[in-house]
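Residue numbers (my numbering): 3 to 873.
Here's the structure we're looking at; comments come further down.
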Amino acid sequence: MAQYYKIKEENPGTILLFRMGDFYETFGEDAKTASKVLGITLTKRNSSGTSANIPLAGFPYHSLDNYLPKLVKAGFRVSICEQLEDPKQTKKIVKRGVTEVVTPGTLVGDNLLEHKSNNFLASVFIQKNVAGIAISDVSTGEFLIGEVDVQNLKQHLFNLAPSEILVHKKDRQQIENLVENTLLTQSEDWLFDYKFARENLLEQFRTHSLKGFGVDELKVAQIAAGVNLNYLKETRRSELSHITKISLLTNKDFMLLDASTKRNLELVHSSSYGDKKDTLFAILDLTQTSMGGRLLVKWLNFPLTKVKQIEERLEGVSDFFENDSMRLQVRLLLGQVADLERLITKVVIGKNTPRDLVSIKESLKLTPEVKRFLEEATSPYVRSLCGKLTELEDLISLLEEALVENPSANFREGRFIRKGYNAELDELKEFSQNSKDWLKNYQEEEKEKTQISSLKVEFNKVFGYYINVTKIHLDKVPDHYIRKQTLVNSERYITGELKEFEEKALSSDERMIALEMEIFQELCNKTAKFIQEIQLNASCLARIDLLSNFAEISKSSNYSKPKVSDSGKIRIVGGRHPVVEKLLPLDRNFVSNDTFMDREKSQIWIVTGPNMAGKSTFLRQVGLIVLMAQVGCFVPAELAEIGVVDKVFTRVGASDNITSGESTFLVEMNETANILNNATAKSLILLDEIGRGTSTFDGLSIAWAVTEFLHNNKRVSARTIFATHYHELTDLEKLLERVKNYNVEVKELDGKIEFMRKIIPGGCDHSYGIQVAEMAGLPYNVIRRAKTILKNLETNELNLLSQNSPNKNRTTLDQLSLFMDSQDKVEKFEAALDLLKEKIMEQEVNNLTPIEAMNFLAELQAEVKKNKFDL
3 MAQYYKIKEE
13 NPGTILLFRM
23 GDFYETFGED
33 AKTASKVLGI
43 TLTKRNSSGT
53 SANIPLAGFP
63 YHSLDNYLPK
73 LVKAGFRVSI
83 CEQLEDPKQT
93 KKIVKRGVTE
103 VVTPGTLVGD
113 NLLEHKSNNF
123 LASVFIQKNV
133 AGIAISDVST
143 GEFLIGEVDV
153 QNLKQHLFNL
163 APSEILVHKK
173 DRQQIENLVE
183 NTLLTQSEDW
193 LFDYKFAREN
203 LLEQFRTHSL
213 KGFGVDELKV
223 AQIAAGVNLN
233 YLKETRRSEL
243 SHITKISLLT
253 NKDFMLLDAS
263 TKRNLELVHS
273 SSYGDKKDTL
283 FAILDLTQTS
293 MGGRLLVKWL
303 NFPLTKVKQI
313 EERLEGVSDF
323 FENDSMRLQV
333 RLLLGQVADL
343 ERLITKVVIG
353 KNTPRDLVSI
363 KESLKLTPEV
373 KRFLEEATSP
383 YVRSLCGKLT
393 ELEDLISLLE
403 EALVENPSAN
413 FREGRFIRKG
423 YNAELDELKE
433 FSQNSKDWLK
443 NYQEEEKEKT
453 QISSLKVEFN
463 KVFGYYINVT
473 KIHLDKVPDH
483 YIRKQTLVNS
493 ERYITGELKE
503 FEEKALSSDE
513 RMIALEMEIF
523 QELCNKTAKF
533 IQEIQLNASC
543 LARIDLLSNF
553 AEISKSSNYS
563 KPKVSDSGKI
573 RIVGGRHPVV
583 EKLLPLDRNF
593 VSNDTFMDRE
603 KSQIWIVTGP
613 NMAGKSTFLR
623 QVGLIVLMAQ
633 VGCFVPAELA
643 EIGVVDKVFT
653 RVGASDNITS
663 GESTFLVEMN
673 ETANILNNAT
683 AKSLILLDEI
693 GRGTSTFDGL
703 SIAWAVTEFL
713 HNNKRVSART
723 IFATHYHELT
733 DLEKLLERVK
743 NYNVEVKELD
753 GKIEFMRKII
763 PGGCDHSYGI
773 QVAEMAGLPY
783 NVIRRAKTIL
793 KNLETNELNL
803 LSQNSPNKNR
813 TTLDQLSLFM
823 DSQDKVEKFE
833 AALDLLKEKI
843 MEQEVNNLTP
853 IEAMNFLAEL
863 QAEVKKNKFD
873 L
């Protein structure tokens, strides 16, 4: 166990999977954890030299791909310790060492990753009011760094959703308060050194300066980047040559979307399910490649703000939208393209199989065909992407000549190099094939010589080759047969001739497998030299995939091409909610709505109407259409003109933040404060109620003041849609010139209401709350009681806006009397009603004559009048 303890000490904070023969074993506390998480048996092992029994739990080495994901998803860092030499070749303790440390932020295996999502590792270093951030995805080779104000750090971490965050011990508590369900790994203090970080970065990117990446002045970010890069090297224990460039994390060319907005608009993650179901991503994702799917997530999280760049994408989508043949053919080809980004990463870090090389080859073979169909493109963007695609004919030819078409999943058994590629290997394979023939002939010869018809020549890994003879034929066994093993029903023998053959065959097989592995490694090295070309191809194909994807969605969903500009207008004709319309039953059509906003005459919309009428859907619909346009996608509308938005803010719903000790109202006010402090004249603000978590007077006052601030403050004067139950806010249209009233149309007939889902001009003076409650299924008695209270309140003219209550105490007493009197009436009513029910139930209706029935009905009618059941 000394070897185990030494390696365990060198890898603190990890679960150590210790390879012992055909098993990975865990010991001590690791074994207890593994047993619990993996559901495997916990046993005990006697440690030599001690009387203590050490907890032990293990699993077969070939089950690693099944068990490793469970440990990592449970939030553990796992060190994988392999045997570094063949146990047969040594009489001492087998040399072992950790070949990789697998953590939530450093995953590369297909079975560990979601195909259409990045798996980010973040590192954060805080210096005064600046937070340096570095983000890497070791599975794709992406590496981004940037600096943000500490107050904006939470927003950036939410947007990036890293699986693991590296922190300095001084920053740990601060960052713990910003994130949930994310592994924080504390790195050693000495790593957070600017000189060390810079040298690390210059060495990785083989340059004398970072100016070419535009990050030379970002010193705090460079420190975070150095920590990130060092962690990747420590955990992967391999070259990181697939990480070839630094990209800027913070870019003013992107729309700012805070955590609240992304959550409320449900861009990628559903607030109901927590996954991607019923999100904008789910609706827009018909991408044919994993690379395109990951790019879609990025584009949704970072919409553009430069008109030229947006138009470039829209023109690309138009190319595919208008040319059905090109779109269909390209998408058909892309459906056969493997995940080149992650495959080439596996090659570089030594985690690939022959099957991965074949996948790379087959994907690269499709490139010329994709280029051929893209020759029909007219947009500069698509033609530019087409021009960057590289046809790697030499690499394709090499892999074609070297590898069989369908290599075995268990490639360590060999048999994946094509015949004719290597002369020595061909000879060994021929000998192996001849060996089978020799064994077959030898078996037949021995049968004939011994006259034992059931004699068989067999093989297993323990005894090698042997002759199996059943016990009824033991008297026929020749003297030169050497007994090897006795079984219940048979004996196993060897001969000198068979032993000689075995030595040749086994050494030949070992050499054949070793030679195949040498050739395989050579192929990997040659493939890795094309990493930049393959990564560029992957990037271009992902963009082509996404543009054609948008065109496919737009074609099938009746989307239209938006017009974008730097004006302050938002004009949407026949706009629809992209997600809700897809979730409706086939027999229902989504009711479209128009929107016109500008900063001169129609800056703020006050939208009133009952719950369930569609106010919140309309708010989100406008936000999503603006966002889709700036992503570069067509939009669900007949016509859309979008004046570019720099930030979208939403305040939609709220709940307690118990962990931070914040009430619903405080959460709501925090979100509102963020909007008022950070919005600009180019922003879009979507407010769904303000002030619901406090008293009516307070809430109305805050909502009124917020609206005035957004209207009168020239710095903020953002386009705003404000859905509210405070009908008093409609008075603002008379006081503020750029405020316009709208309401959700409702039809009322016989006390019932029908939601028309149509946004029309004008305010709404009725909330229809009781009718909505009735539709929701509240008990009849509750509804009837609510109507009574409402009628009494209206009769007493309780004006909540009255600024001069003549006698506050008297008013309060009157209100209490109102409710108490009504309650007394209800109790009397319910008692009389019970008697009436009892009377009805006791009557034998089938035995009544027509005259008796009429008399009984008249009696009931008199009873109702007597007890005044019209409460």
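Ideal placement from N, C-alpha and C gives every residue a C-beta, glycine not left out.
A quick note: this is a predicted structure, and the numbers were derived from the prediction, not measured.
Top-ranked residue by Cα proximity to residue i, from the options
| i | options | result |
| --- | --- | --- |
| GLU378 | GLY77, LYS367, GLY318 and ILE285 | GLY318 |
| PHE724 | GLU750, ILE761, LEU751 and PHE699 | ILE761 |
| ILE9 | ALA76, LYS34, VAL103 and LYS75 | VAL103 |
| TYR561 | ILE572, LYS571, ILE546 and VAL581 | VAL581 |
| VAL637 | LEU316, LEU401, ASP191 and ALA163 | LEU316 |
| GLU730 | GLU756, GLY701 and LYS749 | GLY701 |
| LYS684 | LYS716, ALA707, GLU673 and ALA516 | LYS716 |
| ALA59 | THR35, ASN68, ILE82 and PRO71 | THR35 |
| LEU115 | LEU282, ASP88 and SER292 | SER292 |
| LEU159 | GLU84, SER262, PHE592 and VAL332 | SER262 |
| ASN412 | SER434, PRO356 and ASN745 | PRO356 |
| GLU776 | PRO612, PRO852 and LEU259 | PRO612 |
| GLN157 | SER550, ASP139 and ASN179 | ASN179 |
| LYS235 | LEU203, PRO480 and ASP218 | LEU203 |
| ASN591 | LEU162, MET758, TYR744 and LYS213 | MET758 |
| LEU342 | PHE304, LEU267, ASP321 and LEU538 | LEU538 |
| GLN445 | ASN424, PHE503, GLU402 and LEU394 | PHE503 |
| ILE687 | GLU493, ALA720 and THR696 | ALA720 |
Test item: CB-CB of residue i and residue j under 7 Å
| i | j | result |
| --- | --- | --- |
| PHE198 | HIS170 | no |
| ASN470 | LYS458 | yes |
| SER365 | VAL339 | yes |
| GLU518 | ILE362 | no |
| ARG535 | THR722 | A small fix is needed here, since residue 535 is Glu in this sequence, not Arg. Result no, Cβ atoms of GLU535 and THR722 do not sit closer than 7 Å. |
| VAL718 | ALA681 | yes |
| LYS473 | ASN462 | no |
| ILE398 | LYS367 | yes |
| VAL741 | ASP690 | no |
| SER550 | ARG333 | yes |
| GLY771 | ASN743 | no |
| GLU670 | GLY695 | yes |
| THR209 | ASP255 | no |
Beta-ladder partner(s) of residue i, from DSSP
| i | result |
| --- | --- |
| ILE723 | TRP607 and LEU688 |
| TYR69 | In DSSP, TYR69 forms no bridge with anything. |
| ASP151 | VAL132 |
| PHE61 | TYR26 |
| LYS649 | LEU258 |
| THR45 | LEU58 |
| SER559 | According to DSSP, which records beta bridges pairwise, SER559 is partnered with nothing at all. |
| LYS565 | GLU643 |
| ASP700 | Answer is none; ASP700 lacks a bridge partner. |
| MET843 | In the DSSP output, where bridge partners are listed per residue, MET843 has none listed. |
In chain order, what are the residue ranges of uninterrupted alpha helix (DSSP H) at least 4 long that sit wholly in the stretch 409-475?
Correct list: 425-452.
Counting Cβ pairs closer than 8 Å, one from the stretch 236-255 and one from the stretch 133-151, do we hit at least three?
They touch, by the three-pair rule.
Is there contact between the stretch 512-530 and the stretch 595-612, where contact requires at least three CB pairs shorter than 8 Å?
No, the stretch 512-530 does not touch the stretch 595-612.
If we require 4 or more residues per run, which alpha helix (DSSP H) segments fall completely within the stretch 467-541?
List check, alpha helix (DSSP H) in window: 498-530.
Check whether the stretch 27-34 touches the stretch 117-136, counting contact only when three or more Cβ pairs, one atom from each stretch, lie closer than 8 Å.
Touching, no.
To test your reading of the DSSP string, which unbroken alpha helix (DSSP H) runs of 4 or more residues are found completely within the stretch 175-247?
Fully contained in the stretch 175-247 are the following alpha helix (DSSP H) runs of length 4 or more, in chain order: 196-207 and 221-238.
Would you check if the stretch 146-162 and the stretch 124-133 touch, i.e. whether three or more CB-CB distances between them fall below 8 Å?
The count of Cβ pairs closer than 8 Å, one atom from the stretch 124-133 and one from the stretch 146-162, reaches three, so the stretches are in contact.
Segment contact, 8 Å Cβ cut-off, at least three pairs: the stretch 699-714 with the stretch 749-760:
No, the stretch 699-714 is not in contact with the stretch 749-760.
Counting pairs of beta carbons, one from the stretch 269-284 and one from the stretch 164-182, are three or more of them closer than 8 Å?
With a cut-off of 8 Å, the stretch 164-182 and the stretch 269-284 do not count as touching, because too few Cβ pairs lie within range.
Would you call the stretch 622-631 in contact with the stretch 570-590, where contact means no fewer than 3 C-beta pairs closer than 8 Å?
With the cut-off at 8 Å, the stretch 622-631 and the stretch 570-590 touch.
Please give me, in chain order, every unbroken run of the beta strand (DSSP E) with length at least 3 that falls completely inside the stretch 309-365.
Under the rule that a run must span 3 or more residues, no beta strand (DSSP E) segment is found entirely inside the stretch 309-365.
Below 8 Å, can you find three or more Cβ-Cβ pairs linking the stretch 55-69 to the stretch 35-47?
Taking 8 Å as the limit for Cβ pairs, the verdict is that the stretch 35-47 does touch the stretch 55-69.
Evaluate the contact criterion for the stretch 180-187 versus the stretch 92-108: three or more CB pairs, one atom per stretch, below 8 Å.
Yes: the two stretches touch, three or more of their Cβ pairs being nearer than 8 Å.
Counting pairs of Cβ atoms below 8 Å between the stretch 550-560 and the stretch 441-457, do you hit three or more?
Too few Cβ pairs lie closer than 8 Å, so no.
Counting Cβ pairs, one atom from each stretch, are 3 or more of them under 8 Å apart for the stretch 505-515 and the stretch 426-444?
Yes, they touch.
Would you check if the stretch 371-389 and the stretch 540-547 touch, i.e. whether three or more CB-CB distances between them fall below 8 Å?
The answer is yes - the stretch 371-389 touches the stretch 540-547, with three or more Cβ pairs under 8 Å.
Ordered list of beta strand (DSSP E) runs contained in the stretch 67-112, each at least 3 residues
Segments of the beta strand (DSSP E) lying fully in the stretch 67-112: 80-85 and 98-104.
Can you list the beta strand (DSSP E) stretches of 3 or more residues lying completely in the stretch 736-772, in chain order?
With a minimum length of 3 residues, the continuous beta strand (DSSP E) runs that stay inside the stretch 736-772 are 741-751 and 754-763.
Contact between the stretch 19-28 and the stretch 63-82: three or more CB pairs below 8 Å?
Below 8 Å, enough C-beta pairs join the stretch 19-28 and the stretch 63-82 to call them touching: three or more.
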